[in-house]
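> Numbering (the numbering used here), first residue to last: 355 to 435.
1) Can you round the beta-carbon distance between residue 405 and residue 415 to whole angstroms, since I take them to be within the 8 Å contact cut?
2) Counting only the same chain and skipping the five closest in sequence on each side, list residues whose C-beta sits under 7 Å from that of residue 427.
3) Pick helix, strand or coil for residue 392, following the three-state DSSP scheme.
4) Looking at the structure shown, is residue 356 part of a helix, part of a strand, or coil, going by DSSP?
5) Kindly indicate which residue of 384, 356, 371, 361 has the alpha-carbon position closest to the one of residue 392.
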């Protein structure tokens with residue numbers, strides 16, 4: 355379960371209740387990337403820490419997805435040649 359989120363210029367760090375810290379590139383989540391620092395700082399825990407929510411950016415991120423290395427599931431993926 356997530357307990358904290360901190361942003362840098364190009365990534366964010368999610369602290370998990372077991373002490374792990376996940377560093378995630380903002381590029382994985384375009385809404386966060388293009389949001390203002392104020393919007394990014396307005397996050398809240400959902401599902402007792404199973405996910406993170408940003409109301410102003412209409413963004414929801416699951417901790418399980420981050421642990422699995424998944425970014426925004428809505429972003430366009432390159433087509434295989």
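Glycine included, C-beta positions come from ideal geometry on N, C-alpha and C.
With the given structure in hand:
1) Numbered from its first residue, the chain shown carries residue 405 at position 51. Numbered from its first residue, the chain shown carries residue 415 at position 61. Right, the Cβ-Cβ distance comes to about 6 Å (below 8 Å), so this counts as a contact.
2) For the purposes of this step, residue 427 is taken as residue 73 along the chain shown, with counting starting at 1. No residues qualify anywhere along the chain.
3) Taking the first residue of the chain shown as position 1, residue 392 is located at position 38. Of the three classes helix, strand and coil, the one that applies to residue 392 here is helix, per DSSP.
4) Stepping through the chain shown from its first residue, residue 356 is reached at position 2. In this structure, residue 356 counts as strand in the three-state DSSP scheme.
5) Indexing the chain shown from 1 puts residue 392 at position 38. Comparing Cα-Cα distances from residue 392 to each of 384, 356, 371, 361, the minimum goes to 361.
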